[in-house]
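Trainee: Sharing a structure, written as C-alpha cells. Questions coming.
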Amino acid sequence: MSFLTAQEPPQSSSLSFEPPQPCRRFTISEIEIATRNFDDSLVVGSGGFGKVYKGTITNNNNNGESLLDVAIKRLGETSNQGAVEFRAEIEMLSNLRHCHLVSLIGYCNDGQEMILLYQYMPRGTLAHHLHKRGLPLTWVRRLKICIGAARGLHYLHTGTGIKHGVIHRDVKSSNILLDDCWEAKISDFGLSKIGPTNQACTSVSTLVKGTFGYLDPDYVYTGRLTRKSDVYAFGVVMLEVLCGKQAVDSSLDEEQWSLAIWAQDSIKEGRLKQIVDTNIRGIISPKCLKEFARLADWCLQSHVKQRPTMAEVVMGLESVLALQEKSNNTLQPAAMTIFGRQVPKLIFPSNREHSVGGRSLKSLDIYLSTVGGENQILRRFDFDTINVETECLYNVIYEDTFGYFCKGSLQNGQEIAILQWAYFSTDDKFLMNEASTLVKLEHPNVIQLLGYSLQKHKCTSSMTLHRTTRLVPLIWDSRYKILLGVAQALVYLHKHAPMRVIHSDVNLLNIWLDESLVPKLSRFQFSRCSKIDEPDYIDVDVVRGTGRRFIAPECSQTGHMSTKVDVFRFGFLILQMVFRQPSVEALKQLVGGSMCRCIHIGLLCLEEDSNERPIMDAVIGMLLNTSSHYHTLPLPERPAYDLGKTMVGKLRKSEDYDVGAVEEFKSELSPR
Numbered sequence: 001m002s003f004l005t006a007q008e009p010p011q012s013s014s015l016s017f018e019p020p021q022p023c024r025r026f027t028i029s030e031i032e033i034a035t036r037n038f039d040d041s042l043v044v045g046s047g048g049f050g051k052v053y054k055g056t057i058t059n060n061n062n063n064g065e066s067l068l069d070v071a072i073k074r075l076g077e078t079s080n081q082g083a084v085e086f087r088a089e090i091e092m093l094s095n096l097r098h099c100h101l102v103s104l105i106g107y108c109n110d111g112q113e114m115i116l117l118y119q120y121m122p123r124g125t126l127a128h129h130l131h132k133r134g135l136p137l138t139w140v141r142r143l144k145i146c147i148g149a150a151r152g153l154h155y156l157h158t159g160t161g162i163k164h165g166v167i168h169r170d171v172k173s174s175n176i177l178l179d180d181c182w183e184a185k186i187s188d189f190g191l192s193k194i195g196p197t198n199q200a201c202t203s204v205s206t207l208v209k210g211t212f213g214y215l216d217p218d219y220v221y222t223g224r225l226t227r228k229s230d231v232y233a234f235g236v237v238m239l240e241v242l243c244g245k246q247a248v249d250s251s252l253d254e255e256q257w258s259l260a261i262w263a264q265d266s267i268k269e270g271r272l273k274q275i276v277d278t279n280i281r282g283i284i285s286p287k288c289l290k291e292f293a294r295l296a297d298w299c300l301q302s303h304v305k306q307r308p309t310m311a312e313v314v315m316g317l318e319s320v321l322a323l324q325e326k327s328n329n330t331l332q333p334a335a336m337t338i339f340g341r342q343v344p345k346l347i348f349p350s351n352r353e354h355s356v357g358g359r360s361l362k363s364l365d366i367y368l369s370t371v372g373g374e375n376q377i378l379r380r381f382d383f384d385t386i387n388v389e390t391e392c393l394y395n396v397i398y399e400d401t402f403g404y405f406c407k408g409s410l411q412n413g414q415e416i417a418i419l420q421w422a423y424f425s426t427d428d429k430f431l432m433n434e435a436s437t438l439v440k441l442e443h444p445n446v447i448q449l450l451g452y453s454l455q456k457h458k459c460t461s462s463m464t465l466h467r468t469t470r471l472v473p474l475i476w477d478s479r480y481k482i483l484l485g486v487a488q489a490l491v492y493l494h495k496h497a498p499m500r501v502i503h504s505d506v507n508l509l510n511i512w513l514d515e516s517l518v519p520k521l522s523r524f525q526f527s528r529c530s531k532i533d534e535p536d537y538i539d540v541d542v543v544r545g546t547g548r549r550f551i552a553p554e555c556s557q558t559g560h561m562s563t564k565v566d567v568f569r570f571g572f573l574i575l576q577m578v579f580r581q582p583s584v585e586a587l588k589q590l591v592g593g594s595m596c597r598c599i600h601i602g603l604l605c606l607e608e609d610s611n612e613r614p615i616m617d618a619v620i621g622m623l624l625n626t627s628s629h630y631h632t633l634p635l636p637e638r639p640a641y642d643l644g645k646t647m648v649g650k651l652r653k654s655e656d657y658d659v660g661a662v663e664e665f666k667s668e669l670s671p672r
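Each step along the sequence shown adds one to the number in full-length UniProt numbering, with nothing skipped, and position 203 is 203.
Here it is in C-alpha cells:
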C-alpha cells in the first residue's frame, strides 16, 4: 500500500518529452506483439503502477538480431501513479548504470499509454521468496541479497558520478528483484528524488510518499526526505529477511502489525532468537545473529543522524557474512560458503619432522595454536585425516620458492588448499607472518585460513596456477568483477580490518578464484601490519614481493612503504587484466567502454609520486562509476612506467582510445 500526505496536483495522462539517448522508444504495436496483446497468462506481477508482463522483443546488436526476454510494466486505468512518476523513472534509470540496479530497456508513450520495459528478472522479488510458500532462502543467500541491495543503494546515494545523489524513497522487499544467479537489483524509481550529497543528512522538502511499514518516521512527521530515509526502509527489509514476516501484517495480533516496532521491542526484551524465521532458526551463529540485529536496529534509529550510511551498512553486512562463514567452518566442517558458493580454504602443513628454519616444531606449534589470541583459535589438523591428491599433476595449484599449494580434502569431503612449506625455505618467519595476519582477517574477498598441521608430508609436481589458468580465458565482464573484488579486499585491509594491513604482493598469482569466479586475495607472507590510528607509513630494510617491476618506486628507492604500495600494484594488475585479451577482435569490442576506463584508472594508480595515487576507496568509486565518460577522470601526470606516452597524450587532447593505440600501449609494458 502506498502513502501520500496530500493531494497530488493533476497529472497528464500522456507523456511527451525528448527521450534520453540510451533509452529505446517502442511503439504500441511492438508492445502488443511482445505481450501477445497483453495476454493475462503472461502477467508476472502487479503493483501500484499496474500489471507487469513477461514479453519477448527483438534486440539489435553487433551480432545481428536476437530475442530478449523483458519485463513490461503497463500503467493501469486505476493506477495511483501518473506521468510524473513515469517520466521520473525513465530519466533516472537512463542515467544510472550499476550491477545492482535493474536496467531499463525502453518505454512506450503512444497515446494514453505509459509502458516501461526492463531486463527480465527470472527469480522475481525478494518479497515473493520471503513471504510465499516454496523453498525457503538459505541464510547465506539472504545475506548475499542484502549485500547486493545495499551496494545498489550506496551507489545511488554517493556513487552516481553527479553532484546530486539519488534518494530512492520506496525501498522495500518487493522492489528488490533477483536475477537468475540470485543477484539483487533495486527497481521502481518512480518516487525517486535527486538531492545534494555533500552532507549525509541534507534534506529535500517533498510530499510524503512511500509504502506503509517502510516509511521513515522523521520523514512522515517533518516532510524532510534524506538518504537516511532509505536507510530506515532498508532496516525494515533486513528485519523481513531475518524474521520472514511482512513489514505490515494486519492478520496478526495488533502488537505485531508493524514488523519494525514488534521486532525492536522483542530484541529489547531479550527475545531475539524467538523472532528468527523458523526456516533458518538454529542455522545462524549466535554472534552473527547478534551483529545482524544490531545493524538492523542501527538503521532504524529514530534520530536521522544516528543512522549509518549505506557504505557502513555494506561493510557491516560483509562482516556478518564473514562471521557466519567462520561459524560454518567450526560447527560443521564443510567448504566455506561465499554467497552460497564453495571455496577451498588453507591449511599449513610442515614438511619436516623436527625443525623449521631452526625452530623446533614444538615451539612453532605453540606459536600457531595461540597466534589468534583467545577468540581466534587456529585449528591443528592430524595429517592422517587429510587426503592430499598428488596422483594427478593438476592438483598442485601453485608453486614458488616457499613451497606449493596442493589440492586436498578432509574426511568429511570438505575441499581444502594445502600450502606445503618446502625443505629449502630458509626462515619460518614468513610462515608465522602469514598465519598471524590471516587468522585475524574476515572478508569475502580474502582467503580464509582454516588451520595447520606439523606432521611430515611431501607432494611433488611442477604445475603452476599460471599454466593451468591459461586454459580458460576470462571474458571482460568477469575480469572487471574480479578487479572490483580485489579492490574491495584492499579497502578492507587498509581501513576496516582489525589492523592496517599492507599486502605488498598483489599480483595475478596471489588472486584465487572460487567456482563462481569470486576473487580471494591470498599469500600474506610479505604483508606489513600497523595500528589503524598510526600513520600510514612503514620503513623496511628489505623490499620483498613477486616481480621487481611491480614494486612501487618509493619502496625500492627509499624503503618507505604505505598502503599506496598496494595501490601501485593494483594499477599494474588492472593493466594485466586489460591487456591479456585473447585477440584484437576482443579489444575492438571493448575500446571506448569500461576497458578504456580501467586503463585510465590503472595509470592513475601507477603514478610515480605516491601522493598522486588515489586511495583504494576512490579506486572503487571510479570502477563503479561506469555512467560517466573516462575523460571526466583526473589526468595521469607521470606513470612510473613508460606506459603513458601514447595514451596520456590522447587523454590530454580529449581524444578517444582506438585499437591501434591500445596495441601500441600493450607493447610499452617495460620499466623506465
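Every residue, glycine too, gets a C-beta built ideally from N, C-alpha and C. Computed from a prediction, not measured in an experiment: that's the story for all the values here.
1) Given a cut-off of 8 Å, decide if residue 570 and residue 490 are closer than it, judged by their beta-carbon atoms.
2) Name the residue from 446, 239 and 91 whose alpha carbon lies nearest to the alpha carbon of residue 523.
3) Counting only runs that start and end within the stretch 553-581, where is the alpha helix (DSSP H) found for 4 or more residues in a row?
4) Across the stretch 259-268 and the stretch 238-245, are there enough close Cβ pairs to call them in contact, namely three or more that are closer than 8 Å?
5) Could you tell me whether the Cβ atoms of residue 304 and residue 228 are closer together than 8 Å?
6) Note down the Cα distance separating residue 615 from residue 327, rounded to an integer number of angstroms.
7) Tell me the DSSP secondary structure of residue 515 in three-state form.
8) So who's on the other strand from residue 27, going by DSSP bridges?
9) Could you check which residue in 153, 25 and 320 has the C-alpha nearest to that of residue 169?
10) Under 6 Å Cβ to Cβ from residue 174, same chain only, skipping five residues before and after it: list those, please.
11) In chain order, what residues of the same chain lie with their CB nearer than 8 Å to the CB of residue 273, ignoring the 5 residues before and after it?
12) Quick one: residues in its chain with C-beta nearer than 7 Å to the C-beta of residue 85, no 5 flanking neighbours on either side, listed in chain order?
13) With residue 486 and residue 502 assumed to form a contact (beta carbons below 8 Å), what rounded beta-carbon distance in angstroms separates them?
14) Taking the beta strand (DSSP E) that residue 488 belongs to, which residues open and close that run?
15) Alpha carbon to alpha carbon, how far is residue 313 from residue 495? Give it in angstroms, no decimals.
16) Please tell me whether residue 324 and residue 285 are closer than 8 Å, where the distance is taken between their beta carbons.
17) Taking the alpha-carbon positions, what's the residue 622 to residue 634 distance?
18) Three or more C-beta pairs closer than 8 Å, one from the stretch 131-140 and one from the stretch 42-57: is that the case here?
19) Which partner residues does residue 59 have in the DSSP bridge list?
20) Assign residue 308 to one of two classes, buried (16 or more other C-beta atoms within 10 Å of its C-beta) or exposed (fewer than that).
21) What are the partner residues of residue 97, as DSSP defines its beta bridges?
22) Would residue 213 and residue 299 be called neighbours here (beta carbons separated by less than 8 Å)?
23) In angstroms with no decimal places, state the Cα-to-Cα distance between residue 110 and residue 40.
24) What are the boundary residues of the alpha helix (DSSP H) that includes residue 228?
25) Hey, how far is the Cα of residue 279 from the Cα of residue 265?
26) Indicate the three-state DSSP secondary structure (helix, strand or coil) for residue 111 in the structure shown.
27) What are the partner residues of residue 82, as DSSP defines its beta bridges?
28) Quick one: what does DSSP say residue 72 is sitting in, helix, strand or coil?
29) Leaving out five residues on either side along the sequence, give the residues of the same chain with a beta carbon under 7 Å from the beta carbon of residue 331.
30) With DSSP as the reference, label residue 463 as helix, strand or coil.
31) Whose C-beta lies closer than 6 Å to the C-beta of residue 552 among residues of the same chain, with five residues either side of it excluded?
32) Kindly indicate the opening and closing residues of the beta strand (DSSP E) around residue 528.
33) Here's a check: name, in chain order, each residue in its chain whose Cβ is nearer than 6 Å to the Cβ of residue 488, leaving out the five neighbours to either side.
34) When DSSP labels each residue in this structure, what does residue 302 get in the three-state scheme?
35) Apart from the five residues on each side of it in sequence, which residues of its chain come closer than 6 Å, Cβ to Cβ, to residue 52?
36) Taking DSSP as the reference, what is the three-state secondary structure of residue 119?
Mentor: Inspection of the coordinates gives the following:
1) The Cβ atoms of residue 490 and residue 570 lie closer than 8 Å to each other.
2) Sorting 446, 239 and 91 by C-alpha distance to the C-alpha of residue 523 places 446 at the top.
3) Listed in chain order, the complete alpha helix (DSSP H) runs (minimum 4 residues) inside the stretch 553-581 are 553-558 and 564-579.
4) Short answer: they touch.
5) In this structure, the beta-carbon distance from residue 304 to residue 228 falls below 8 Å.
6) Approximately 32 Å, taken between the alpha carbons.
7) Coil at residue 515, not helix or strand.
8) Per DSSP, residue 27 has no beta bridge partner at all.
9) A check of alpha carbon separations from residue 169 across 153, 25 and 320 identifies 153 as the nearest.
10) Cβ-Cβ distances below 6 Å link residue 174 to 125 and 127 in the same chain, with the five nearest sequence neighbours on each side left out; the list follows chain order.
11) The residues 281 and 289, in chain order, have a CB closer than 8 Å to that of residue 273 in the same chain once the five nearest residues on each side in sequence are set aside.
12) So the qualifying residues of the chain are 190 and 191.
13) A Cβ-Cβ separation of about 15 Å leaves residue 486 out of contact with residue 502 under the 8 Å criterion.
14) No beta strand (DSSP E) contains residue 488, which is instead part of the alpha helix (DSSP H) from 476-491.
15) The C-alpha of residue 313 is placed about 15 Å away from the C-alpha of residue 495.
16) With respect to residue 285, residue 324 sits close: the two C-beta atoms are nearer than 8 Å.
17) Approximately 11 Å, taken between the alpha carbons.
18) Contact between the stretch 131-140 and the stretch 42-57 is absent: fewer than 3 CB-CB pairs across the two stretches fall below 8 Å.
19) Paired residues: 66.
20) When all chains shown are included, residue 308 counts as buried.
21) Residue 97 is bridged by DSSP to nothing; it lacks a bridge partner.
22) Cβ atoms of residue 213 and residue 299: not closer than 8 Å.
23) Linking residue 110 to residue 40 through their CA atoms gives a straight-line distance of about 21 Å.
24) That run of the alpha helix (DSSP H) goes 227-243.
25) The alpha-carbon of residue 279 is positioned some 22 Å away from that of residue 265.
26) Three-state result, residue 111: coil.
27) Note: residue 82 sits in no beta bridge, so no partner.
28) Correct three-state label for residue 72: strand.
29) Unreliable placement is indicated for residue 331, whose pLDDT of 39 sits below 50; the coordinate value is still reported in the next sentence. Here residue 331 has no same chain residue with a Cβ atom under 7 Å from its own Cβ, once five neighbours each way along the sequence are excluded.
30) With a pLDDT of only 25 at residue 463, under 50, the local geometry of the prediction cannot be trusted, and the value read off the model is given with reservation. The three-state reading of DSSP puts residue 463 in coil, since its state is none of H, G, I, E or B.
31) Short of 6 Å from the beta carbon of residue 552, and not among the five residues preceding or following it, lie these beta carbons of its own chain, in chain order: 565 and 568.
32) That run of the beta strand (DSSP E) goes 528-530.
33) Once the five neighbours on either side are set aside, the close Cβ partners of residue 488 are 445.
34) Three-state result, residue 302: coil.
35) The residues 44, 45, 71 and 73, in chain order, have a CB closer than 6 Å to that of residue 52 in the same chain once the five nearest residues on each side in sequence are set aside.
36) Of the three classes helix, strand and coil, the one that applies to residue 119 here is strand, per DSSP.
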